[in-house]
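Q:
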Amino acid sequence: MAHYLLFADLAGSAGVKLMNVSIGERWEKFVEKTVEEGRYSSASEVVREGLRLVEEREAKIMALRRTLEASIARGGDISDEELDASLNAVEIELQKEGY
């Protein structure tokens with residue numbers, strides 16, 4: 543199991559925080575390969591990108607839940623078109639925020 547020190551600007555803090563991250567051999571090889579191929583400059587950069595993707599996915603899931611809860615509260619259902627429009631709007635907002 544590989545151990546990495548992740549340098550990240552956590553929760554928008556002004557300073558950089560240090561976090562120990564343990565990953566299995568599968569992820570270690572993946573991280574090393576992406577850095578060696580030049581797609582990322584460091585292991586920390588790979589991990590930060592992964593965290594950004596998780597954050598984006600979580601935001602989309604929350605938006606979907608809000609849309610569905612609003613539909614249930616109205617006592618109706620939601621069409622595929624309404625759901626797609628709602629998710630597309632969330633995606634546009636996330637892109638504007640840099641996700």
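Convert by adding 542 to the 1-based position in the sequence shown; the result is the number in the numbering used here. Ideal Cβ placement from N, Cα and C applies to all residues, glycine included.
In three-state DSSP terms, what is S583?
A: Here S583 sits in coil by DSSP.
Q: In or out: S586 buried (at least 16 other Cβ within 10 Å) or exposed?
A: Label assigned to S586: buried.
Q: Counting contacts by CB-CB distance shorter than 9 angstroms, is E633 in contact with chain D?
A: You won't find chain D in this structure, because it holds only one protein chain.
Q: Going by DSSP, what residues sit across from N630 in a beta bridge?
A: N630 is not bridged to any residue.
Q: For V596, count neighbouring C-beta atoms within 10 Å of its own C-beta (all shown protein chains included) and say buried if the count is 16 or more, exposed if not.
A: It is exposed - the Cβ of V596 has fewer than 16 other Cβ atoms within 10 Å.
Q: Just the Cα atoms here: how many angstroms apart are R616 and L606?
A: The straight-line gap from Cα to Cα measures roughly 15 angstroms.
Q: Kindly give me the distance between the Cβ atoms of T609 and S628, rounded to whole angstroms, as I take these residues to be in contact under 8 angstroms.
A: Yes, T609 and S628 are in contact; Cβ-Cβ is about 4 angstroms, under 8 angstroms.
Q: Tell me whether the beta-carbon of V588 lies closer than 9 angstroms to the beta-carbon of V573.
A: Contact flag set, yes.
Q: Could you tell me the alpha carbon to alpha carbon distance between K575 and E591, rounded to whole angstroms?
A: Approximately 15 angstroms, taken between the alpha carbons.
Q: Between E611 and V577, what straight-line distance do the alpha-carbon atoms span, to the nearest angstrom?
A: Cα to Cα, E611 sits roughly 42 angstroms from V577.
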